[in-house]
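Notes follow the structure.
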Amino acid sequence: MKKDKITKTPWIQTVINRYGETVYNLCHRILLNEGEAQILTRDIFKTIEKSPTQNRYHQFEKQWILKVAFQKLKQSHQQHIDLSLKEVRELNETHLSKEERLENILKYMRNLPIESQFILLLKDQLNESYDEISTITGIPIESLKVKRQQVLQTLEEWIWQ
């Protein structure tokens, strides 16, 4: 992702350098659109920059930034889906390369609620702890574990149905 200068304050530039790629990757994985992911990433960092409480969160900077990203993704997530589940299933039945199958799995993920996508990406792609994910999403740890298993089962059912 191209790191645009949002402001001249050293604090926000440090935050962008530290977390810009992670935030962009989360946005891109969920939105599946490079342009939309870039716009939302800029919007997330503008929100962080404008926050009057920015100095309070240095100890929990990563969780705070991911929480802002989570809230912005929930607000902006569009409910349209590129392919229906049936169309993705039909594509999976053809002979596809490993990369094409992975792309189809990402399209299945697009059918999940934004909260479910975010939990899977934080836990399985970024290896965040349940404690951190709980802080970011506001969901109790035990509920997160159950929700993650339910989401994985749902994906499995969709793929193998």
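Every letter in the sequence shown is one number past the one before it in numbering that gives the first Met the number 0, and letter 24, counting from 1, is 23.
Glycine included, every Cβ here is placed at the ideal spot set by N, Cα and C.
Note that the structure is predicted; figures quoted are calculated from it, not measured.
Counting only the same chain and skipping the five closest in sequence on each side, list residues whose C-beta sits under 8 Å from that of L31.
Here residue 31 refers to the residue found at position 32 when the sequence shown is read from its first residue. The answer, listed in chain order, is D81, L105, K106 and R109.
Would you identify the three-state DSSP class for E156, choosing helix, strand or coil?
Within the sequence shown, the letter at position 157 stands for residue 156. Reduced to three states, the DSSP call for E156 is helix.
Are the beta-carbon atoms belonging to F117 and L72 less than 9 Å from one another?
Stepping through the sequence shown from its first residue, residue 117 is reached at position 118. Stepping through the sequence shown from its first residue, residue 72 is reached at position 73. Taking 9 Å as the cut-off, the Cβ atoms of F117 and L72 count as close.
Beta carbon of Q37, beta carbon of Y18: below 9 Å?
Working through the sequence shown from its first residue, we reach residue 37 at position 38. Working through the sequence shown from its first residue, we reach residue 18 at position 19. No, they are not a contact pair.
Assess, as a yes-or-no matter, whether the stretch 62-71 is touched by the stretch 37-49 under the definition of 3 or more beta carbon pairs within less than 8 Å.
yes
So, is E127 buried or exposed, given that buried needs 16 or more other C-beta atoms within 10 angstroms?
What you label residue 127 is simply residue 128 of the sequence shown in a count that begins at 1. E127 comes out buried.
In or out: L101 buried (at least 16 other Cβ within 10 Å) or exposed?
What you label residue 101 is simply residue 102 of the sequence shown in a count that begins at 1. With fewer than 16 other Cβ atoms within 10 Å, it is exposed.
Taking the straight line between their C-alpha atoms, what separation do you get for T153 and I15?
Taking the sequence shown and counting its residues from 1, the one referred to as residue 153 is at position 154. Taking the sequence shown and counting its residues from 1, the one referred to as residue 15 is at position 16. Roughly 35 Å separates the two Cα atoms.
How far does the alpha helix (DSSP H) with K71 in it extend, from its first residue to its last?
Against the sequence shown, residue 71 aligns to sequence position 72. Segment E60 to S75, the alpha helix (DSSP H) holding K71.
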